[in-house]
Amino acid sequence: MPATERPSTIAAYLSAFSLRFRLLLQYRAAAWAGFGTQTFFGLIRVMVFAAFFASSTQPQPMSYDQVMSYIWLGQVLFALLPFREDPDIAALIRNGNIAYEFVRPVQLFWFWLARQIANQSAPVLLRALPMLVVSAVVFPLIGLNTWALHPPESVAGLLCFAILLLLAILLSGMIKLLATVSLFWTINGEGLSLLLPALVWPLCGIILPLSFYPDWSQPIIRALPFRGLMDVPFQFYIGSLPPSALFREMTRQCAWIAALGLVSYRWFRAGTRRVVVQGG
Numbered sequence: 035m036p037a038t039e040r041p042s043t044i045a046a047y048l049s050a051f052s053l054r055f056r057l058l059l060q061y062r063a064a065a066w067a068g069f070g071t072q073t074f075f076g077l078i079r080v081m082v083f084a085a086f087f088a089s090s091t092q093p094q095p096m097s098y099d100q101v102m103s104y105i106w107l108g109q110v111l112f113a114l115l116p117f118r119e120d121p122d123i124a125a126l127i128r129n130g131n132i133a134y135e136f137v138r139p140v141q142l143f144w145f146w147l148a149r150q151i152a153n154q155s156a157p158v159l160l161r162a163l164p165m166l167v168v169s170a171v172v173f174p175l176i177g178l179n180t181w182a183l184h185p186p187e188s189v190a191g192l193l194c195f196a197i198l199l200l201l202a203i204l205l206s207g208m209i210k211l212l213a214t215v216s217l218f219w220t221i222n223g224e225g226l227s228l229l230l231p232a233l234v235w236p237l238c239g240i241i242l243p244l245s246f247y248p249d250w251s252q253p254i255i256r257a258l259p260f261r262g263l264m265d266v267p268f269q270f271y272i273g274s275l276p277p278s279a280l281f282r283e284m285t286r287q288c289a290w291i292a293a294l295g296l297v298s299y300r301w302f303r304a305g306t307r308r309v310v311v312q313g314g
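Number 200 in the numbering used here belongs to position 166 of the sequence shown; there are no gaps in the numbering.
And the structure:
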């Protein structure tokens with residue numbers, strides 16, 4: 035590609051991200067509904083762990099305050115999790131209108147990736163602010179300080195959290211893109227829609243902080259990419275991981291992003307060569 039064409043191509047991907055991002059910001063009613071649901075289930079989890087710590091005399095891998103912050107961070111960033119493929123692209127593959135995508139004057143793989151990153155980041159932005167206000171400000175004001183989201187352990191920890199959160203958004207978008215591209219082979223995608231949540235739910239930390247899993251499972255959990263979606267950034271925020279571990283965790287995150295991107299790209303190339311549109 036000539037060098038003079040690169041800025042316009044990059045601008046096309048940025049425009050795809052921007053348009054999709056702004057479109058998703060219009061779904062404010064859905065965001066408020068999600069906020070209410072996440073607050074409810076967040077409180078359920080807080081009460082369960084409060085009862086657990088009150089009745090347990092054994093040392094735990096995380097302190098009570100760390101667990102409370104971990105829970106609320108999970109609710110703040112819940113929309114980040116890639117539970118299924120992109121439904122709009124899935125519909126295009128199923129009904130044959132994917133042909134219109136092939137005539138776009140851009141590399142379609144990168145165009146779809148920009149779309150997935152917007153899909154995973156815009157809903158988070160809509161829900162995060164009210165959830166932060168409730169969990170970090172309102173709860174202490176009404177006497178629920180022990181159930182609240184606490185400040186980060188350090189400024190350095192907060193910076194590490196922010197860096198790894200950006201990588202988590204990219205990782206989530208890559209997982210969602212991989213699931214979407216796989217529809218070139220599965221078409222229906224129902225099996226994938228059941229498999230992906232079964233992996234993401236228990237292995238990212240949204241149900242149970244991963245530090246509470248048995249010791250024998252820790253090497254397996256660390257070897258998989260899903261802990262990078264939530265657990266790793268959260269551990270820096272609550273101080274369980276020191277800032278000196280940032281480079282190691284960033285390297286691991288980037289390696290998984292690159293690996294998933296390579297697999298997705300190869301599946302995409304193979305899928306677009308064999309796709310059948312409207313029986314043609």
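Ideal placement from N, C-alpha and C gives every residue a C-beta, glycine not left out.
request  = State the Cα-Cα distance for the pair Glu187 and Asp99, rounded to the nearest angstrom.
outcome  = 11 Å
key: Euclidean distance between Cα positions of Ala170 and Ile197   = 21 Å
ask   = Contact check, Glu135 vs Lys210 under 8 Å by CB: the rounded distance?
value = About 16 Å separates the two Cβ atoms, so there is no contact after all.
task = Counting only runs of 4+ residues fully inside the region 76-124, write out the alpha helix (DSSP H) ranges in chain order.
result = 98-110
request  = Taking Tyr271 and Ser103 to be in contact with their CB atoms under 8 Å, please state how far apart those CB atoms are, rounded to whole angstroms.
outcome  = 7 Å
ask   = Looking at the structure shown, is Gly239 part of a helix, part of a strand, or coil, going by DSSP?
value = Three-state DSSP puts Gly239 in coil, outside helix and strand.
message = If the criterion is Cβ atoms closer than 8 Å, does the pair Pro95 and Phe246 meet it?
response = yes
ask   = Looking at the structure shown, is Tyr247 part of a helix, part of a strand, or coil, going by DSSP?
value = coil
inquiry  = Below 8 Å on the Cβ atoms is my contact criterion, and I expect Gly76 with Trp106 to pass it. Report the Cβ-Cβ distance as a whole number of Å.
reply    = Yes, they are in contact, since the Cβ atoms of Gly76 and Trp106 sit about 6 Å apart, within 8 Å.
query = Taking the alpha carbon of Ser251 as the point to measure from, which residue in Gly262, Gly177 and Pro236 has its own alpha carbon closest?
reply = Pro236
message = In whole angstroms, give me the CA-to-CA distance for Thr214 and Leu242.
response = 27 Å
ask   = What is the DSSP secondary structure of Gln141, reduced to helix, strand or coil?
value = The answer is coil: DSSP assigns Gln141 none of H, G, I, E or B.
When Gly239, Arg282 and Leu48 are compared against Leu111, the one with the closest alpha-carbon = Gly239
message = Quick check on the DSSP output: the alpha helix (DSSP H) that includes Ile255 runs from which residue to which?
response = Gln252 to Ala257
request  = Find out if the Cβ-Cβ distance for the pair Leu204, Ile291 is shorter than 8 Å.
outcome  = yes
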